Structures are given as structure tokens and as C-alpha cells.
Amino acid sequence: MNRIDESLLVGLPPFRRLERKQIREILDLAVSKRFDEGVAVFSEGMPAERFYLLLDGYIRAVKTTPGGEHIIAMHIAPGQLFGIAAALGRDTYPATAITAAETLALSWPMRLWDEFTAKYDGFASETYKVVGDRMQDIQSQLTELATQAVEQRLASALLRMVNQSGRKVDNGIEIAFPVTRQNISEMTGTTLHTVSRVLSAWQKQGIVESTRRHIVVTEPHQLVLLSGVAG
DNA sequence: GCATTAAACTAGC
DNA sequence: GCTAGTTTAATGC
């Protein structure tokens, strides 16, 4: 079958407290699958048949509004669980999972969720902590949307992506997956035109350097200032 | 301060 | 050459 190396899971939050042998058990129940960029791993409202662990790549959790517009609720980075509807007491997926880059993921049947949380020490507590963290993140984004101006929300959105996926390059920190102006507008509740204007302004000020689908933050501290205390 | 509309430009297939 | 992504300006709420 799919013989996946145990070291892939060792050290990841949900499995941190497990024995090598237990990790082997879990892996033997997993299915691994590769996804191209821009495809849906699962869709909002569909029966949540499996839950996933992202090994490589990036996932966008996308909600569709009644009007047919898209909202990017969050990004998932390698090592994180996603599609964990059971942890939220749901039997359908709350959002669509779109790959933001070429992606490799493990998955298990959702019926194993209760078994995992009961059987493996730390699995439940670690995952519920992750769920809690995500809810806090969504919560603060909500407050942001309601209270902050567009420029501040944009700064926060860039910082969030940098924190989750930033990798050092010679001139700053690069967001590790492709992002378009449209994507950022869907994260911040604005238009791609406004995103474009603000990013070009920041580029002139030397805060970011962006080419198409590609952003390097050269002055993270300046973004922090722009996002936080009114300036 | 921001969305909308429109129009033109460009990188990459 | 086509398409998706981007930029810029004009206009109006």
C-alpha cells in the first residue's frame, strides 16, 4: 500500500505525544494524494467523508456568499489538519478547500476521528487547541473587517500570510505560495483594484516588492505599524 | 476613503 | 496570439 515515512508525522502538533508504533498505525490507515494547484480537495456543504493532513503545499479555505462571491477565510500551512468537520460537530464541510499550490495531503475516513481522539493521547487536546487558535484568528479578522480601514486590513492580511508561510529571501520575507491581487481582495473584503493601488504605493515606499502572484515583504516592521496603531 | 467602470499593459503559456 | 493578472485614471457615492 502507501508506505509513508513515519518521520513525516513526528513532531506535528496532533501527533507530538504519540509513540512511533502508534504513528505507524495511523499512517497505515491513511491515503496520500497529490493535488495540482487551483483544485478543490473538497467543497463547502458536501458530506464530510474524510479529514486531511497537509504534508506539502498550501490550502485556501474559501466560503461562497449567497451572491456568488468568494471569501478566503484562512490559509492552511504544511503540518496542519484541515477538513476536520467532526471536530466542529458537523457532518458537512464548512468551506471549500482550494489548493494554492501543488499539494500533498494525507486523509482518513471521518469515522476514525472519534477513534483517534479516544485512543491517542494528546490527539484531541492538540487538535482542539488548533481549532481554538483558528477561531481566535477568525474572530480578530472579523473585528478588523468591522473597524479597520482597508490599508490596515491589507497590512494584517499580508502579515498573516508571512507568519504562516514566510520564507527568508535575500531582500526580505517571501509569501511561499502564489497570491493574486484578487486573492488578497477576497481575504480583506475589498477590490483587486484597491489592493493593486495600495501594493504599488507600498512598493514605492520600499515596504514590499511584488511581481505577479508573488510578494516579498521587505519591511515587515512597517507593515506592523500600518496594521496596528492608527497611523 | 473607497467602489466601480473602463481601458490599456504584460508575463507566460 | 490568447488569457489571466495587473495597473492606472476617471467618476461618483
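Using the UniProt record's numbering, the first residue of the first sequence is number 1, and each one after it goes up by one. Cβ atoms here follow ideal geometry from the backbone N, Cα and C, with glycine treated the same way. Note that the structure is predicted; figures quoted are calculated from it, not measured.
Determine the DSSP secondary structure at residue 37, reduced to helix, strand or coil. Coil.
Under 8 Å: do the region 51-58 and the region 85-105 share three or more Cβ pairs, one atom per stretch? Result yes; three or more Cβ-Cβ pairs closer than 8 Å.
Give the single residue among 177, 172 and 187 whose Cα lies nearest to the Cα of residue 209. Of the listed residues, the one whose Cα sits closest to residue 209 is 172.
Inspect the CB distances between the region 124-131 and the region 146-158 and report whether three or more fall short of 8 Å. Using a C-beta cut-off of 8 Å, the region 124-131 makes no contact with the region 146-158, since fewer than three inter-stretch Cβ pairs fall below that distance.
In whole angstroms, what is the alpha-carbon distance linking residue 151 and residue 123? Distance between residue 151 and residue 123, taken at the CA atoms: about 39 Å.
So if DSSP puts residue 63 in a beta bridge, which residue, or which two residues, is it bridged to? Residue 63 pairs with 71.
Going by DSSP, what residue range makes up the beta strand (DSSP E) through residue 216? 214-217 is the span of the beta strand (DSSP E), which, as asked, contains residue 216.
Beta-carbon gap between residue 220 and residue 126 smaller than 7 Å: No; because the gap between Cβ atoms is not below 7 Å, this pair is not in contact.
Extent of the continuous alpha helix (DSSP H) to which residue 198 belongs: Unbroken alpha helix (DSSP H) run through residue 198: 192-204.
Note down, in chain order, each residue of its chain lying with its Cβ closer than 6 Å to the Cβ of residue 228, except the 5 sequence neighbours on either side. For residue 228, where only same-chain residues beyond five positions count, there are no Cβ hits under 6 Å.
Which first and last residues belong to the beta strand (DSSP E) in which residue 23 is found? Residue 23 -> not in any beta strand (DSSP E); alpha helix (DSSP H) instead, spanning 20-28.
Within a Cβ cutoff of 8 Å, which residues of the same chain sit near residue 4, ignoring the five residues on either side of it in sequence? Cβ within range, chain order: 27, 30, 32 and 106.
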